[in-house]
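**Student:** Can you keep this structure in mind? I'll have questions shortly.
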Amino acid sequence: MYLNHRNATNDFYHLRLSGESPHWELDGYQVDLTSGILNSGNGKLRFKTRENDYTTNYFVFEMNAVINKKDITLQSKAVSGPEDFKNEIDTGAIEGPPPITKDGKSITFKDIDKIYAVIHWEGQDDGIAHKEIIDLYELYNKN
514 MYLNHRNATN DFYHLRLSGE SPHWELDGYQ VDLTSGILNS GNGKLRFKTR ENDYTTNYFV
574 FEMNAVINKK DITLQSKAVS GPEDFKNEID TGAIEGPPPI TKDGKSITFK DIDKIYAVIH
634 WEGQDDGIAH KEIIDLYELY NKN
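And the structure:
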């Protein structure tokens, strides 16, 4: 994870997040936050297999954040129908206004308590619906 701290002229925060769960690896997911824009995405998602080849009947990727104790989806991607994970896939990306605080102001990085990914999928081999969470960032002391 990389974090650019506040400078004298502009608030800009950049996170580059990577992590894994028992079946998935997420690499290079980026969260850029300024006072008026939130960019989220551009990571690589890979299913961990020995053969490096796996097909799902469907899958859903969500990037979520806990902001002031409230879960918010930052970005999601869904594929209905077969998706072949021969190597890795792009998570996609989104740009828009950041969530606002209860005071009506754009969030800052200090408002983010946690960032995590959720992956739902059904394996073509087993036909079972699965869900895994990849924890990527957690603020331990909020002062």
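Numbered by our numbering, the letters in the sequence shown go through residues 514 to 656 in order. Idealized CB from N, CA, C, for every residue including glycine. None of the values given here were measured: they were computed from a predicted structure.
Considering only C-alpha positions, which residue in the set 572, 578, 536 is nearest to residue 562?
**Tutor:** Locating residue 562 in the sequence shown gives position 49, counting from the first residue. That would be 536, whose Cα lies nearest to the Cα of residue 562.
**Student:** Could you please give me the residues that DSSP links to residue 458 through a beta bridge?
**Tutor:** Residue 458 cannot be examined here, being either before or after the span of the chain that is shown, 514 to 656.
**Student:** For residue 570, which of 652, 648, 649, 639 has the nearest alpha-carbon?
**Tutor:** Taking the first residue of the sequence shown as 1, we reach residue 570 at position 57. That would be 639, whose Cα lies nearest to the Cα of residue 570.
**Student:** So the candidates are 607, 608, 620; which of them puts its Cα closest to the Cα of residue 583?
**Tutor:** In the sequence shown, the residue the question calls residue 583 occupies position 70. Considering only alpha carbons, the answer is 620.
**Student:** What ranges does the beta strand (DSSP E) occupy inside the region 576 to 613, keeping only unbroken runs of at least 3 residues that lie completely in it?
**Tutor:** List check, beta strand (DSSP E) in window: 583 to 597, 606 to 609.
**Student:** Consult DSSP for residue 641 and reduce its assignment to one of helix, strand or coil.
**Tutor:** For this step, residue 641 is matched to residue 128 along the sequence shown. Residue 641 falls in the coil class under three-state DSSP.
**Student:** In chain order, what residues of the same chain lie with their CB nearer than 6 Å to the CB of residue 568, ignoring the 5 residues before and after it?
**Tutor:** Position 55 of the sequence shown holds residue 568. Same-chain partners within the cutoff: 595, 597, 637.
**Student:** Relative to the C-alpha of residue 558, which residue among 574, 527, 607 is closest?
**Tutor:** Counted from its first residue, the sequence shown places residue 558 at position 45. Closest by alpha carbon: 574.
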